[in-house]
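A.B. asks:
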Amino acid sequence: MKTPIFLLAAAAILPTQAFAARTQDPQEVMGLDLNACARPTWPAEALAQRVSGKTTVEVQIGEQGLVTEARVLASSGRADLDAAALAGIRRCVFHAVLATGLAPTGWLKTQFVWVPGGPPAPAPQDQTPFIRTKALADGGDPFAQNLLGTWYERGTYVKADPAQAAAWYLLAAQGGNAWAQNNLGVLYSRGAGVPRDLKQAADWYAKAAEQGHTWAEANLASAYQRGTMGAADIDKALYWLTRSAEGGLAFAQVRLGLLRMQRAHTDDERAAAAAWIARAAAQNYAPGSYYLGRSFELGLGNAQDLAQAEALYRKSLQNSGGRAETALGMLLENGRAGVADQDGAATLYRKATQWRYPLAYYRYGLILEQRGETDLAAAVFRQGAELGNCEATVKYAALRQAQGTTAADAPVVDWQQRARSCATRLALPPQL
Numbered sequence: 049m050k051t052p053i054f055l056l057a058a059a060a061i062l063p064t065q066a067f068a069a070r071t072q073d074p075q076e077v078m079g080l081d082l083n084a085c086a087r088p089t090w091p092a093e094a095l096a097q098r099v100s101g102k103t104t105v106e107v108q109i110g111e112q113g114l115v116t117e118a119r120v121l122a123s124s125g126r127a128d129l130d131a132a133a134l135a136g137i138r139r140c141v142f143h144a145v146l147a148t149g150l151a152p153t154g155w156l157k158t159q160f161v162w163v164p165g166g167p168p169a170p171a172p173q174d175q176t177p178f179i180r181t182k183a184l185a186d187g188g189d190p191f192a193q194n195l196l197g198t199w200y201e202r203g204t205y206v207k208a209d210p211a212q213a214a215a216w217y218l219l220a221a222q223g224g225n226a227w228a229q230n231n232l233g234v235l236y237s238r239g240a241g242v243p244r245d246l247k248q249a250a251d252w253y254a255k256a257a258e259q260g261h262t263w264a265e266a267n268l269a270s271a272y273q274r275g276t277m278g279a280a281d282i283d284k285a286l287y288w289l290t291r292s293a294e295g296g297l298a299f300a301q302v303r304l305g306l307l308r309m310q311r312a313h314t315d316d317e318r319a320a321a322a323a324w325i326a327r328a329a330a331q332n333y334a335p336g337s338y339y340l341g342r343s344f345e346l347g348l349g350n351a352q353d354l355a356q357a358e359a360l361y362r363k364s365l366q367n368s369g370g371r372a373e374t375a376l377g378m379l380l381e382n383g384r385a386g387v388a389d390q391d392g393a394a395t396l397y398r399k400a401t402q403w404r405y406p407l408a409y410y411r412y413g414l415i416l417e418q419r420g421e422t423d424l425a426a427a428v429f430r431q432g433a434e435l436g437n438c439e440a441t442v443k444y445a446a447l448r449q450a451q452g453t454t455a456a457d458a459p460v461v462d463w464q465q466r467a468r469s470c471a472t473r474l475a476l477p478p479q480l
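Below, the structure written as structure tokens:
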């Protein structure tokens, strides 16, 4: 029996162990619940110090799927990481474990692997680049001021300090540095080191965009699309997004293609939208490959070609937040791109749950239901519903109604009402 493992990069968790499709062993199905849980919070000091470690914990699950007891079986060597692991797992609700009908069954194990993200910091004893850059920044060099700001933001050479980063970005931005203007806008949009102020952020994006900074152009487009600059203005959003895409930014090329696809009324307009996405895919940008695959699968902007769609999905596996895994799984499950492979589809859906992709829970729930594992399927549908998937919501509501509910499962959430609210959304035509 294998222990589910969580891998944490910065503040994220990626479960690495999938369970066998036909088992209902509580230890094995625990992985599905862990994937659906909110991510534990990285202790700030441990993250700043780039500490790694592994915390193995054991839990007991009560009758409602709640953690009744939790303890550290093997310490990471840091009390704060161990405490964060315990606090995180205590917030989980183990619907899948409960669905096996064997809980509570004593102690279940999982492991949190704490791995700080990003490149390693330079050796602390080598401060020469920082000293030289600081001298230039103090002398009023906007390029050095912006570079110093990025170091304070990222914790390079110095302890991360977003307020100091913002101060240096401001000096550089006032000196006309477009990178600093965009960077300062990002801090204002996040509320990092400065009060959150979307209008201020947009104003700085605009200054950088006027100088041709491609990320600032894309950020300014988002501001116009959301209405941060006043009333939403899609035409201005398209203008700035087009400038950014023409500048070669793959992120903007995908967003421009999707926005134009939403507004397209003719085949020529859809083809033009798909062409922008293709430019991003040509740069090996994973979201570009995924959305181009959707274009070929649905026949939107490109002639339908399921083999091409499959190839593009495979190209973007592990880098699409679970979308490519789910889309490829649906092709394999239905045999639309060749021979049907339900087991292969199930594996892909389980992998997609590592990114908490809601549709993956619905698709995997369907496979479980077809295999007669109705209780476990219901638990998986509920996980998808709680993550916002309408298909899973409708399915879970129907199963609850068919099976009836117990007093312990009283309708704190009105699933029937949620299902009715989803009906309109499910009736809409498919989009990329």
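Counting from 49, one number per residue, gives the positions in the sequence shown under the numbering used here. Here a beta-carbon is modelled for each residue, glycine too, at the ideal position from N, C-alpha and C.
(1) Can you check whether the CB of Q193 is closer than 7 angstroms to the CB of W216?
(2) Which residue or residues does DSSP assign as beta-bridge partners of R119?
(3) Since T104 contacts L121 with CB under 8 angstroms, what's their CB separation in whole angstroms?
(4) Classify E439: buried if its beta carbon has 16 or more other beta carbons within 10 angstroms, exposed otherwise.
(5) Using DSSP's beta-bridge definition, name the partner residues of L515.
(6) Closer than 6 angstroms by C-beta to G113: which residues in its own chain qualify, once you throw out the five before and the five after it? Chain order, please.
(7) Would you list the residues sitting across from T158 in a DSSP beta bridge?
(8) Does the beta-carbon of Q159 have 16 or more other beta-carbons within 10 angstroms, so that it is buried, or is it exposed?
(9) Apart from the five residues on each side of it in sequence, which residues of its chain come closer than 6 angstroms, Cβ to Cβ, to A228?
(10) Nearest-angstrom Cα distance between R466 and Y405?
(11) What span of residues does the alpha helix (DSSP H) with W90 cover, start to end?
(12) Which first and last residues belong to the alpha helix (DSSP H) in which M78 is found?
(13) Using DSSP with H/G/I as helix, E/B as strand and the rest coil, what is Q175?
(14) Just the Cα atoms here: how many angstroms apart are D353 and V387?
(15) For the ligand SAH, is there a heavy atom less than 6 angstroms away from the beta-carbon of G149?
(16) Kindly indicate which residue of Q97, L129, R98, R139 has the alpha-carbon position closest to the one of V107.
(17) Starting from E358, trace the alpha helix (DSSP H) both ways and give me its first and last residue.
(18) Once the 5 residues before and after L424 are set aside, which same chain residues still bring their CB inside 8 angstroms of it?
(19) Helix, strand or coil for C470 per DSSP?
(20) Between which residues of its own chain and K399 is the CB-CB distance below 6 angstroms, once the five residues before and five after are set aside?
(21) If distances are taken between C-alpha atoms only, which option among R384, A385, M378 comes closest to G413?
(22) Should A322 and G349 be called a contact, given that it needs their Cβ atoms to be closer than 7 angstroms?
(23) For A320, which residues from the same chain have a beta carbon less than 7 angstroms from its beta carbon, with the 5 sequence-adjacent residues on both sides left out?
(24) Looking at C-alpha atoms only, which residue of L480, A450, A446 is the closest neighbour of A471?
(25) Leaving out five residues on either side along the sequence, give the residues of the same chain with a beta carbon under 7 angstroms from the beta carbon of P478.
(26) Let me confirm a value: I179 is counted as buried when at least 16 other C-beta atoms fall within 10 Å, else exposed. Which label applies?
(27) Ignore the nearest five residues each way along the sequence and tell me which others in N225's own chain have a CB closer than 6 angstroms to its CB.
(28) S368 by DSSP, collapsed to three states: which one?
(29) Which class does A351 belong to by DSSP, given the choice of helix, strand or coil?
(30) Are there 16 or more other CB atoms within 10 angstroms of the CB of A393, so buried, or fewer, so exposed?
(31) Is it true that the CB of G239 sits closer than 7 angstroms to the CB of A501?
(32) Could you check where the alpha helix (DSSP H) with A388 kicks off and where it finishes?
(33) Using the rule of at least 16 other Cβ atoms within 10 Å of the residue's Cβ for burial, across every protein chain shown, is G136 buried or exposed?
C.D. replies: Short version:
(1) Numbered from its first residue, the sequence shown carries residue 216 at position 168. Numbered from its first residue, the sequence shown carries residue 193 at position 145. In contact: W216 and Q193 (Cβ atoms closer than 7 angstroms).
(2) Against the sequence shown, residue 119 aligns to sequence position 71. E106, per the DSSP bridge assignment.
(3) In the sequence shown, counting from the first residue as 1, residue 104 sits at position 56. In the sequence shown, counting from the first residue as 1, residue 121 sits at position 73. Yes, T104 and L121 are in contact; Cβ-Cβ is about 4 angstroms, under 8 angstroms.
(4) One-based indexing of the sequence shown puts residue 439 at position 391. Classification of E439: buried, given that the 10 Å Cβ count is 16 or more.
(5) Here the chain covers residues 49 to 480 and nothing more, so residue 515 does not appear.
(6) Translated into the one-based positions of the sequence shown, residue 113 becomes position 65. V141, F142, H143, L146.
(7) Against the sequence shown, residue 158 aligns to sequence position 110. Its beta-bridge partners are V105.
(8) On the sequence shown, residue 159 is found 111 positions in, with the first residue counted as 1. By the 10 Å Cβ count, Q159 comes out buried.
(9) Locating residue 228 in the sequence shown gives position 180, where the first residue counts as 1. Once the five neighbours on either side are set aside, the close Cβ partners of A228 are N194, Y217, A220, A221.
(10) In the sequence shown, counting from the first residue as 1, residue 466 sits at position 418. In the sequence shown, counting from the first residue as 1, residue 405 sits at position 357. Going by the C-alpha atoms only, they are around 19 angstroms apart.
(11) As a working mapping, residue 90 is identified with position 42 in the sequence shown. Unbroken run through W90: none, as it is neither H nor E.
(12) Residue mapping note: residue 78 aligns to position 30 of the sequence shown, counting from 1. Start and end: 74-84.
(13) Counted from its first residue, the sequence shown places residue 175 at position 127. Residue state, collapsed to three classes: coil.
(14) For the purposes of this step, residue 353 is taken as the residue at position 305 of the sequence shown. For the purposes of this step, residue 387 is taken as the residue at position 339 of the sequence shown. The alpha-carbon atoms of D353 and V387 are separated by roughly 16 angstroms.
(15) With respect to the ligand SAH, the structure shown offers nothing to examine, as it has no ligands at all.
(16) Counting from one through the sequence shown, the residue named residue 107 turns up at place 59. Comparing Cα-Cα distances from V107 to each of Q97, L129, R98, R139, the minimum goes to R139.
(17) By one-based count along the sequence shown, residue 358 stands at place 310. Looking at the DSSP string, the run of the alpha helix (DSSP H) that includes E358 is 354-363.
(18) Within the sequence shown, numbered from 1, the residue matching residue 424 stands at position 376. Result list for L424: Q72, V77, A144, A147, T148, L416, in chain order.
(19) As a first step, residue 470 must be located in the sequence shown, where it is residue number 422. Reduced to three states, the DSSP call for C470 is helix.
(20) Against the sequence shown, residue 399 aligns to sequence position 351. If we look at K399 and ignore the five residues flanking it on each side, its Cβ neighbours are E373.
(21) Position 365 of the sequence shown, counted from the first residue, corresponds to residue 413. With distances taken between Cα atoms, G413 lies closest to M378.
(22) Within the sequence shown, numbered from 1, the residue matching residue 322 stands at position 274. Within the sequence shown, numbered from 1, the residue matching residue 349 stands at position 301. Contact flag set, yes.
(23) Within the sequence shown, the letter at position 272 stands for residue 320. Hits under 7 angstroms: R308.
(24) Numbered from 1 along the sequence shown, position 423 holds the residue referred to as residue 471. Nearest option by C-alpha distance: A446.
(25) Counting from one through the sequence shown, the residue named residue 478 turns up at place 430. Excluding sequence neighbours, P478 sits near L346.
(26) Position 131 of the sequence shown, counting from 1, holds the residue named residue 179. Flag for I179 reads exposed.
(27) Counting from one through the sequence shown, the residue named residue 225 turns up at place 177. Excluding sequence neighbours, N225 sits near P190, N194.
(28) As a position in the sequence shown, residue 368 is number 320, starting the count at 1. S368: coil per DSSP, three-state reduction.
(29) Here residue 351 refers to the residue found at position 303 of the sequence shown. Here A351 sits in coil by DSSP.
(30) The residue you call residue 393 lines up with position 345 of the sequence shown. With 16 or more Cβ atoms within 10 Å of its Cβ, A393 is classed as buried.
(31) Only positions 49 to 480 of the chain appear in the structure, and residue 501 is not among them; the question remains open.
(32) On the sequence shown, position 340 is the one that residue 388 refers to. No alpha helix (DSSP H) contains A388, which DSSP labels as neither H nor E.
(33) As a first step, residue 136 must be located in the sequence shown, where it is residue number 88. That one is buried.
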